[in-house]
Structure formats: C-alpha cells, structure tokens
Amino acid sequence: TTFQDGGEEVEDGAVYNVTLKKVQIQQAANKGARWLGGEGDQLPPEHTVRQYETSKIRAIKAGTLEKLVENLLTAFGDADFSYISIFLATYRAFASPRAVLELLLDRFGNLETSSHGEVANLNSLESEMVLRAEIASVLRAWLDQCSEDFREPPDYMCLLKLLDYLKNNMPNSDMESRVQNLLKQFQNQEVEAVDGFCSTSSNDLVDGEELEISNPEEFSSFQDHVVAEQLTYMDVMLFRRVVPYHCLGSIWSQRDKKENKNLAPTVRATITQFNAVTKCVISTILGTRELKIQQRAKIIEKWIHIAHECRILKNFSSLRAIISALQSNSIYRLKTTWMCVSKDILLMYEELSEIFSDHDNYLTSRELLMKEATSKFANLDSSEKENQKKSQKRLQLQKNKGVMQGTVPYLGTFLTDLIMLDTALQDYVEGGLINFEKRRREFEVIAQIKLLQSSCNSYCLTPDQKFIQWFRRQRHLTEEESYKLSREAEAAADTNILSPKSQKSMVKRISTLFLGTDVFTPPKEQPLKSSPVGGSSGESTDSASVSSCEFNHSETEDVCVTPVSSPEDPLKKISGYPLPSCSPDSSMSTPSSGVSSKGSTFDPGSGLDSSSIPTRDSGSVPGSAPRVLPVYNRQSDGSCIIRVSMDGLHASVYKSILITNQDRIPDVTQRALLKHNLEPDAVEDYELVQVISEDKELVFPRDANVFYGMNSHVNFDFILRKKA
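406 is the number that the working numbering gives to position 349 of the sequence shown; each next residue is one higher, with no gaps.
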C-alpha cells in the first residue's frame, strides 16, 4: 500500500485534505505463465500481472460548525475513520452539546414523513435507512465515549431531546432504552464531590475530628508500601474520573475567571490531590518542632522510600508530588538534616529526581511514561547495586501476586502540552472556518489520556480507612509557616557536628542532586513572596499548590500529561507531556528545587512547557527543514513563547504569550492584560520587564521590539508591573 498527497479540495464552508491510497488488489500469472500452469504468487515478478486500486481519502481540514457536524455522517464514506472520535473529544472547544445535537437531529436527522407519506428531504427508502444507520452510529459513539456531555442537571434538556427523537424515529430500539437508563442514572445519582478523597476541609471529617499536625510516631506506623498503595488508590480513583475535554487548553485556560469557578472539576480534583500530597510531605517533616535532626532525616528517608514504592506502582503523580515537596524551598534548605540522610537513600532520591529532569522538555519522564503506559509492571533500573537489588525484590513480589499494574501519569504534562497547542495554533482560519487540524493535534494528547485511564482498570487496590482518615486530618502548613519552621529547625541544629570541609562537600553533593550541576546557588534566606501553599494569592483555594521547587517549567496558565516524542520528531511531542503541578485554578508554579522558587502553587493548565510544542512541515520550500512551532525559551522562525506574570497579587501565576518579531511593547502588554483578565485599555499604566536573575531585570522602553530586545540567553520570564 502506498500513499500520495492529493492536495486540497474546497467546498462551500469546508476545506479537505486529500490523500490517494494505492492498494494491490490482485496478482495473477500473465498469459505465458498460465500456459505453463504456473500460479501468480509462485512466479517471479516478470511473469505476473498486478492490478491496483486507487482510493481517495478525504479528511476535513477546516469548516463551519454545520459542515463539521454533517461530516459526522459522511466520514466513513470518505475513509476518515477517526473523525467521529476526534470531533466528540474536542468539539467543546468551539460548540456546545446542544448546538451539535440540534444540528444533527433537526437538520440532518429529520426522518419524519410528510402527510402524503413521502419521506421529507429523502429520495428513497434506501436513503432513509442509510441515514438512519449513520445517525444511530454517531449517537452510539457519543453515548459510549462522552456520556458526560448529557449530564445537565436538573433539566437534562439534551438527553430529553435525544429521547424524544428516538421515540419518534427509532421506537423500541436498544438506543432508546439505553438513553432512558442513562437519564434515570443521572437523576438518581446524588451530586458527588469529585475531590472527596483529597479535600481537607472540616466538612469531610468525622464529627469531633479536627485538622492536626502529623504525629511522627503515627506516620511511622504506616508501612512504606501501604502509604504508596493508598496514595495510588486515591490517584487512580480521581484520574479515571477526569473528563478528557476538561483538559483542552481553550477550556482549562478559562478556569480563573469568576464565572468559571466550577469549570473542569475533574481536573481540579487531581490537582487538589497532588497538592495535598505535597503539603502532607512538608507538614510531616516540619510540623513537629521537637524533632531531632536524625528523626527529621528519618522522615525524609521514609518519604523517599514511599516515592520509590510509587515508582514500582507506576504512580507518577504522587511520585512527582513527593519529589516536588522534598525539593521545595523549606525542605531543600535543611542542609544539616540532609547530611544525616544515608548515602544509599540519597542515590535513590537522585535517580527518582532524574525522572522529572527538565532537560530537553522533560524527555526522560515522557519516554518513561510512553514505555510503561501499557506494560504490566514497572521497568526498574538503578546505577547503585544495592538499590537495584531492593527494587528487583519489591518488583518480584508484585509479579508473584499475579496482578498487573496500571499507570497514573502526572497530569500536568498533558495540560501543559494542550495549553501550548492552544496558544500556538489558531482557532479559525481564513474565511472564519473552524481550524479542525488544530483539533486533530489536540486529540493526539487526549488519546494518550484515555489510554492511560483505561490502563488504570488493571489496578486492584482496596482503601485503608485508617490511612485515609489520617491523610484527611493533616493540617497543611502555609508557605510562610513552613519557611519559618524550616529556619527554626536549621537554627536549632548543632552546626558543630560537621567540619566546614564536610559541610562544603555535602552542600556540593546536595546541589548536584537538585540542580544536576556542580554550581550551587543557595536559596535566599527570606520568606517567599508567593502565596501560601493553600493556593495562589488572589486565587481560589482549590488552586493546586505545590512546593516552591516544583515546577520551573510550568506556568500558572493551564496544563498536565501527554505522549512522548523523540527530539527528531517534534510533531509527536504533544503526546508525551510533562505535568506541571496542577492547580485547578489558573496558575502553575515554578519548581523550587533551589534553582528558582518563586511560587508554591501548581497549576497544570498554565504552564507552557516550551519544548512541548509540536512542529509541522511548512511545505513551502522543497527540501527545507520542517518549520518548528514557537516554543518557550527558544526563538525560532521569528517567534517564541514567553511567560508573563503580574507583579504583586498574581506574582506566582504565569500566562503564556505567543510573540513574533513584529510585536512591540504595547501589543504584548495588551495581550498579557487580557490573559490575566484585566482591562486591556490600561496598557499605558504598565511596564514590561524581563527577569534576568534574582537581582537583575531588563526594563523595556515603551515602543521597543520585545522579540529583538529580550535577553535570549536566560529564561523567557517577564513581569507586568504597574508604573510608579
């Protein structure tokens, strides 16, 4: 089978990509070979005659909503077999369920007969039967893949409209009974709190219980593998409930608007859980002032062991949450405590941290996620022999149980990639047509999420109510509280137990752990300006907060998980994404692994990871290199993506802005204000500065060209500040 590009076909309201597919349908012996009694498949090529058939595959590239809905009925005829799934997974970015259903049923599905008994708008009974089958196929796929689209309490208007249509046109069909059952199911179900596992509000506690700081002895009583299994159980329950379209960049990026406080609740719940794990780690280490250095070091070691157990269970969400907490500013700065952590445990921690290295757009975590997405068990490798033995022993125990493991991803990776796609690709093309090529690219990410959700069915975990109640009872420290306790713990440590030389050696070793380099820049000894761990300042408390060390790569805009792609094929990078800490709100935070710790909130919807933006061939110059889509921290083809935060109230919330070499300060400032939901007319009241280092900034003149004026050798991080 061979494929050939057939160009484009333009119709009224639609543009199609055409591919010619050439398939061999018959191989027969030629006349001379037949005279000799030979068979075609046993003869050399010169004695055979091959027959080929060329078929045309049409895939809609852009169109009006009406054309896109009509294409649902004709996609199979055009051999675009994935179109229905792509449309159903992404249409919420440009239309509502009601609008699509009305077009499908009222315009294209009118099978009612006229008073003369003739079928309206149809020429024959055969055409009616074909149309009926096509509509039934689309509706069946809709109910199978996206039944949540019809959950509209208390009226359920779309479901009732669909039921009425089926009663009139397909009475007593399986589809009708299915819709009736779905309606009853929705009506009987109570509104469930999607974040029931991870909320720490007093409403979730048993009468008489109060939030409390963790008791070290009680925490130590839980076995490491039990803690990891229970965290995985909670993560699995929440991840399986994630509605994929909630992750779309155009939807997730709107979550911080006041009217959208309940938008994407399933994604917010996973972010809340992620932040709850991170805060739990910090509170168990710092919450008890009376702990000695060795006791505190033992708790750190326990959490590293728990992270390792999460790795065995292929739970990358809690694994990253624990690593992020240990890299947070308040934990990272406990140098004396880290010196008491055993060498083997530090090596294990280093290997776990390397999984989420931001090198090459988190390539390691992306490749690992793709490698283990559907594997039965984790593939554990360790450079340290003792850790390798322990890992293989634990893994063998899992295999002996005969129970396969699913995979829980770090959702922030997918959110980041979807946000980047939404930023880099236009919603509409020439003529006001909906850009469906953008939706096909987004579906590559959505398909990865669905695949991982399916793999989670392999887990066989049961809840341990004792641990879950303990986890819910934990009182989480704010950023200021944890930093204050961290300073107190370090000040109380006996600094004379180690010589200056050994201290210097340990500092270098720890810095290599966190930064991957021999250069060590200690964090400033002052409270972070970012909002408390409970949520970014000015944002709702459900915004995911992660220790400050967590996400240097992500933004506070929108993001969480995707498939992986090799550096040679940036197009596929969308499917393997890094998950920034997910905050249900609007912001993502930068990691504070001692490198840059500016915020403690994690929002997987807003971080545009520069390198996760896909590329595509421009096709303009034969033989030219593929055109790369704009990315963060890299200027290419006259464009790039920068991260802009608001000074003051929104200092920990970043928004991704696409700029070109034609953009000047007023244009970029106006777009940044719009992204932060501020009045765009106030451009004159703000100045744009690039953050060069902790104590250096680059201030732009009023009409400067941002693309050429910016410093391209540092992070593309900007601050929008009100003029004095």
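Backbone N, C-alpha and C define an ideal beta-carbon position, used for all residues, glycine too.
Which residue comes first and which comes last in the beta strand (DSSP E) that contains residue i?
i: glutamate 66; result: 59-68
i: methionine 703; result: 696-703
i: serine 713; result: 711-717
Under a Cβ-count criterion, where at least 16 other Cβ atoms within 10 Å of its own Cβ denotes burial, should residue i be classed as buried or exposed?
i: glutamate 316; result: exposed
i: threonine 519; result: exposed
i: proline 273; result: buried
i: lysine 495; result: buried
i: alanine 364; result: buried
i: asparagine 74; result: buried
i: valine 80; result: exposed
i: leucine 162; result: buried
i: leucine 288; result: buried
i: arginine 346; result: exposed
i: arginine 498; result: buried
i: cysteine 513; result: buried
i: cysteine 517; result: exposed
i: valine 126; result: buried
i: lysine 810; result: Past the edges of the chain, shown from 58 to 781, lies residue 810, and the structure says nothing about it.
If you follow the alpha helix (DSSP H) that residue i is part of, which residue opens it and which one closes it?
i: tyrosine 743; result: From DSSP, tyrosine 743 is part of no alpha helix (DSSP H) but of the beta strand (DSSP E) over 743-750.
i: asparagine 128; result: 122-131
i: tryptophan 524; result: Note that residue 524 is phenylalanine in the sequence shown here, rather than tryptophan. Note, phenylalanine 524: alpha helix (DSSP H), 522-530.
i: cysteine 367; result: 350-369
i: histidine 303; result: Looking at the DSSP string, histidine 303 is not in any alpha helix (DSSP H), and its letter there is neither H nor E.
i: aspartate 281; result: 281-298
i: aspartate 724; result: 722-732
i: phenylalanine 413; result: Premise fails: phenylalanine 413 is in no alpha helix (DSSP H) and is neither H nor E.
i: valine 465; result: Here valine 465 belongs to no alpha helix (DSSP H), and DSSP marks it neither H nor E.
i: glutamate 347; result: From DSSP, glutamate 347 is part of no alpha helix (DSSP H); its letter is neither H nor E.
i: leucine 158; result: 154-159
i: leucine 145; result: 140-147
i: serine 277; result: 273-277
In three-state DSSP terms, what is residue i?
i: lysine 428; result: helix
i: serine 385; result: coil
i: leucine 490; result: strand
i: arginine 778; result: strand
i: leucine 755; result: strand
i: valine 763; result: helix
i: glutamate 317; result: Note on residue identity: the sequence assigns asparagine, not glutamate, to residue 317. Helix.
i: histidine 770; result: coil
i: alanine 739; result: helix
i: tyrosine 689; result: strand
i: glutamine 81; result: strand
i: alanine 71; result: strand
i: glutamine 108; result: strand
i: asparagine 514; result: helix
i: tyrosine 419; result: coil
i: threonine 341; result: helix
i: valine 398; result: coil
i: alanine 119; result: strand
i: arginine 544; result: helix
i: tyrosine 485; result: strand
i: serine 644; result: Per-residue confidence for serine 644 stands at a pLDDT of 37, beneath the threshold of 50, marking its modelled position as unreliable; no derived number is given.
i: threonine 329; result: helix
i: threonine 519; result: coil
Could you compute how far the alpha carbon of residue i sits from the alpha carbon of residue j?
i: leucine 478; j: isoleucine 698; result: 11 Å
i: serine 374; j: arginine 759; result: 43 Å
i: leucine 196; j: glutamine 531; result: 46 Å
i: valine 756; j: phenylalanine 775; result: 10 Å
i: leucine 216; j: isoleucine 714; result: 39 Å
i: valine 300; j: valine 236; result: 20 Å
i: aspartate 292; j: threonine 327; result: 7 Å
i: glutamate 536; j: threonine 480; result: 31 Å
i: threonine 658; j: alanine 119; result: Low confidence applies here, because threonine 658 scores a pLDDT of 42, under 50, leaving its location unreliable and the question unanswered by this model.
i: histidine 533; j: lysine 336; result: 6 Å
i: glutamate 545; j: tyrosine 419; result: 35 Å
i: tryptophan 395; j: serine 539; result: 17 Å
i: alanine 71; j: asparagine 245; result: 42 Å
i: leucine 348; j: serine 381; result: 22 Å
i: valine 710; j: glutamate 408; result: 30 Å
Beta-carbon of residue i versus every beta-carbon of chain B: anything under 7 Å?
i: glutamate 191; result: Absent here is chain B; the protein component of the structure consists of one chain.
Length at least 3, wholly inside the region 183-245: the beta strand (DSSP E) runs in chain order: With a minimum length of 3 residues, no continuous beta strand (DSSP E) run stays inside the region 183-245.
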